[in-house]
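Residue numbers (this note's numbering): 55 to 204.
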């Protein structure tokens, strides 16, 4: 009788453990906002692959007094500036070439970069997926055609 009780208790414990682990795994594996982990988020928050945009980056704009459109424009401009600075420095050695490439990239990226997806989380953070419709290699090829290596 004691053995049977112990066995039933062990089986009950294992079943409860399996059920609670499954619930935790499900909760942890679904897509949620980073700033609101219990709130389901759209798929782009967890999966940066967007058709027709080989280069994407997920950005967050914290709540502020700015309007939503101002926050979107500021965040997009910051990303364009980051890409232009990073790529011009990585692809060119001389300061003059870096400046010329940076100027070209700022203009080209302003024309190409798009906010592909956006969503606000419950905390007011604006989540933006910024994308380019071409690969980094294509951007580099265009840049080198305009600002040759010296």
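No residue lacks a Cβ here, since even glycine has one placed at the ideal position from N, Cα and C.
As the structure is a prediction and not an experimental result, all values here were calculated from the model.
Got a sec, what are the start and stop residues for the beta strand (DSSP E) residue i sits in?
i, result
"residue 130", "Taken as a continuous stretch (DSSP letters only), residue 130 belongs to no beta strand (DSSP E), being part of the alpha helix (DSSP H) at 122-145."
In three-state terms, what does DSSP make of residue i?
i, result
"residue 114", "strand"
"residue 172", "strand"
"residue 164", "helix"
"residue 86", "strand"
"residue 244", "Look at the range of the chain in this structure, 55 to 204, and you will see that residue 244 is not part of it."
"residue 182", "strand"
"residue 195", "helix"
"residue 190", "helix"
"residue 200", "helix"
How big is the Cα-Cα spacing for residue i and residue j?
i, j, result
"residue 121", "residue 202", "41 Å"
"residue 127", "residue 100", "23 Å"
"residue 118", "residue 103", "28 Å"
"residue 173", "residue 89", "13 Å"
"residue 176", "residue 111", "21 Å"
"residue 98", "residue 85", "9 Å"
"residue 133", "residue 150", "22 Å"
Which same chain residues, not among the five before or five after residue i, have their C-beta less than 7 Å away from its C-beta?
i, result
"residue 130", "167, 169, 184"
"residue 190", "109"
"residue 156", "138, 139, 142"
Among the residues of its own chain, which have a CB less than 8 Å from the CB of residue i, if the five just before and after it don't count?
i, result
"residue 153", "142"
"residue 187", "106, 107, 108, 166, 168"
What does a CB cutoff of less than 6 Å around residue i pick up in its chain, not counting 5 residues either side in sequence?
i, result
"residue 180", "115, 125, 174"
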